[in-house]
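Only one structure is covered here, and it is reproduced in the block below.
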Amino acid sequence: DQQVKQNSPSLSVQEGRISILNCDYTNSMFDYFLWYKKYPAEGPTFLISISSIKDKNEDGRFTVFLNKSAKHLSLHIVPSQPGDSAVYFCAAMMGGSQGNLIFGKGTKLSVKP
Amino acid sequence: NAGVMQNPRHLVRRRGQEARLRCSPMKGHSHVYWYRQLPEEGLKFMVYLQKENIIDESGMPKERFSAEFPKEGPSILRIQQVVRGDSAAYFCASSGQAFYEQYFGPGTRLTVT
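Here is the structure:
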């Protein structure tokens, strides 16, 4: 029973173009969402987050969009760079939770020069 | 290095042995979380601890697994009588008062032979 789903295991994008990574969730009690980036043999690195009371959050090249009615969020990376090649995990936290992050399975992004 | 430290980075154990994984949180952080990542899967929450207290262990297997975060020293995840299915990457994260801002360590890769 996956509460956070990343349905695309991989994505390939040309350098300079936009990368769009998608995430769907099933639990309407989630009130905080995060994106993490992970290189092989390293721990996840926090990228950007969004509270359920917002629909957009921007940080430099990274923007996260939240559509609560569709239970969908997406991460946009513009422009994509080869160094962005990594696995991206979507994670969610429930209101009242004390830190239990629920992760998707990840999407492997490859940015080609 | 002010980040989350985990050791060892790699651990090989034979079936039936004990595995001890250590985690030192980021300086100033008093909340520690353990996650496990099986191959081709996302991270799964195991346990959340504060100093000398287990706050949420809802993700911990009922047998053979235990965790502690003593007043002094690192947090320890202990797996007794390891089996092949315990082979995974174990990640520790820490946070301050903002539970959702979790910073991850590099992980310990446990291999059970």
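These protein sequences, in sequence, are chains S and L. Residues 137 to 249 in the working numbering are what the first sequence spells out, letter by letter. Residues 86 to 198 in the working numbering are what the second sequence spells out, letter by letter. In this text, a Cβ means the ideal position worked out from N, Cα and C, and glycines have one as well.
Open item on the list: According to DSSP, simplified to helix, strand and coil, what is R169 of chain L?
Closed with: The residue labelled residue 169 of chain L in the question sits at position 84 within the second sequence. R169 of chain L falls in the helix class under three-state DSSP.
Task: is_contact[I238 of chain S, chain L] using C-beta, thresh 8 Å - done: Here residue 238 of chain S corresponds to residue number 102 of the first sequence, with the count starting at 1. I238 of chain S counts as touching chain L.
Task: chain S contact for P191 of chain L (CB, 8 Å cutoff) - done: Here residue 191 of chain L is taken as the residue at index 106 of the second sequence, counted from 1. Yes - at least one Cβ of chain S is within 8 Å of the one on P191 of chain L.
Task: Same chain only: Cβ atoms within 7 Å of I140 of chain L, ignoring 5 sequence neighbours per side - done: Translated into the one-based positions of the second sequence, residue 140 of chain L becomes position 55. Hits under 7 Å: Y133 and L134.
Task: D191 of chain S - DSSP class collapsed to helix/strand/coil - done: Position 55 of the first sequence, counted from the first residue, corresponds to residue 191 of chain S. Note: D191 of chain S maps to coil in three-state DSSP.
Open item on the list: Contact defined as beta carbons within less than 8 Å: I believe F166 of chain S pairs with G127 of chain L. What is the distance between those atoms, to the nearest angstrom?
Closed with: In the first sequence, residue 166 of chain S corresponds to position 30, counting from 1. In the second sequence, residue 127 of chain L corresponds to position 42, counting from 1. That belief does not hold up - the Cβ atoms of F166 of chain S and G127 of chain L are roughly 15 Å apart, past 8 Å.
TODO: Take M145 of chain L and list the residues in its own chain whose beta-carbon comes closer than 6 Å to its own, dropping the five residues that flank it on each side.
DONE: Counted from its first residue, the second sequence places residue 145 of chain L at position 60. If we look at M145 of chain L and ignore the five residues flanking it on each side, its Cβ neighbours are M131 and V132.
Task: Cβ neighbours of G181 of chain L in the same chain (closer than 8 Å, five flanking residues each side left out) - done: Position 96 of the second sequence holds residue 181 of chain L. Excluding positions up to five away in sequence, the list reads G113, H114, S115 and H116.
Task: Backbone CA spacing between F201 of chain S and E151 of chain S [nearest angstrom] - done: Numbered from its first residue, the first sequence carries residue 201 of chain S at position 65. Numbered from its first residue, the first sequence carries residue 151 of chain S at position 15. Each residue's alpha carbon lies about 22 Å from the other.
Task: DSSP state of G220 of chain S mapped onto helix, strand, coil - done: Stepping through the first sequence from its first residue, residue 220 of chain S is reached at position 84. Correcting the residue identity first, residue 220 of chain S is Asp in this sequence and not Gly. It is helical.
Open item on the list: Less than 8 Å between C-beta atoms, sequence neighbours within five positions excluded: which residues of the same chain meet that for P180 of chain S?
Closed with: One-based indexing of the first sequence puts residue 180 of chain S at position 44. Closer than 8 Å at Cβ, skipping near neighbours: Y172, K173, K174 and F225.
Task: Boundaries of the beta strand (DSSP E) in which N92 of chain L is found, first to last residue - done: Position 7 of the second sequence, counted from the start, is the residue given in the question as residue 92 of chain L. Run containing N92 of chain L: M90 to N92, per the beta strand (DSSP E) assignment.
Open item on the list: Nearest by alpha-carbon distance to E153 of chain L: which of L:L96, L:R105 and L:R98 is it?
Closed with: Within the second sequence, the letter at position 68 stands for residue 153 of chain L. Comparing Cα-Cα distances from E153 of chain L to each of L:L96, L:R105 and L:R98, the minimum goes to L:R105.
- [ ] Helix, strand or coil for I139 of chain L, going by three-state DSSP, please let me know.
- [x] Here the question's residue 139 of chain L lines up with position 54 in the second sequence. Of the three classes helix, strand and coil, the one that applies to I139 of chain L here is strand, per DSSP.
Task: Of the listed residues S:K204, S:F239, S:V149 and S:S185, nearest to N143 of chain S (C-alpha basis) - done: Taking the first residue of the first sequence as 1, we reach residue 143 of chain S at position 7. Checked all of S:K204, S:F239, S:V149 and S:S185; the closest Cα to N143 of chain S is S:F239.
- [ ] Could you tell me the distance, in whole angstroms, from the CA atom of K190 of chain S to the CA atom of F189 of chain L?
- [x] The residue you call residue 190 of chain S lines up with position 54 of the first sequence. The residue you call residue 189 of chain L lines up with position 104 of the second sequence. For K190 of chain S and F189 of chain L, the distance between alpha carbons rounds to 25 Å.
- [ ] Would you mind stating whether I186 of chain S and F169 of chain S have Cβ atoms separated by less than 8 Å?
- [x] The residue you call residue 186 of chain S lines up with position 50 of the first sequence. The residue you call residue 169 of chain S lines up with position 33 of the first sequence. Closer than 8 Å, so yes.
TODO: Just grab the DSSP bridge partners of D137 of chain S for me.
DONE: Numbered from its first residue, the first sequence carries residue 137 of chain S at position 1. BP columns for D137 of chain S are empty, so no partner.
TODO: Return the bridge partner residues of I164 of chain L from the DSSP annotation.
DONE: Within the second sequence, residue 164 of chain L is the residue found at index 79, counting from 1. DSSP output for I164 of chain L lists L:A104 and L:F150 as bridge partner(s).
Open item on the list: Let's see if you can read the secondary structure: which residues bound the beta strand (DSSP E) around Y168 of chain S?
Closed with: As a first step, residue 168 of chain S must be located in the first sequence, where it is residue number 32. It spans F166 to K174 - the beta strand (DSSP E) in which Y168 of chain S sits, taken as one unbroken run.
Open item on the list: T196 of chain L and S172 of chain L - do their beta-carbons sit closer together than 8 Å?
Closed with: In the second sequence, residue 172 of chain L corresponds to position 87, counting from 1. In the second sequence, residue 196 of chain L corresponds to position 111, counting from 1. Taking 8 Å as the Cβ cut-off, S172 of chain L and T196 of chain L qualify as a contacting pair.
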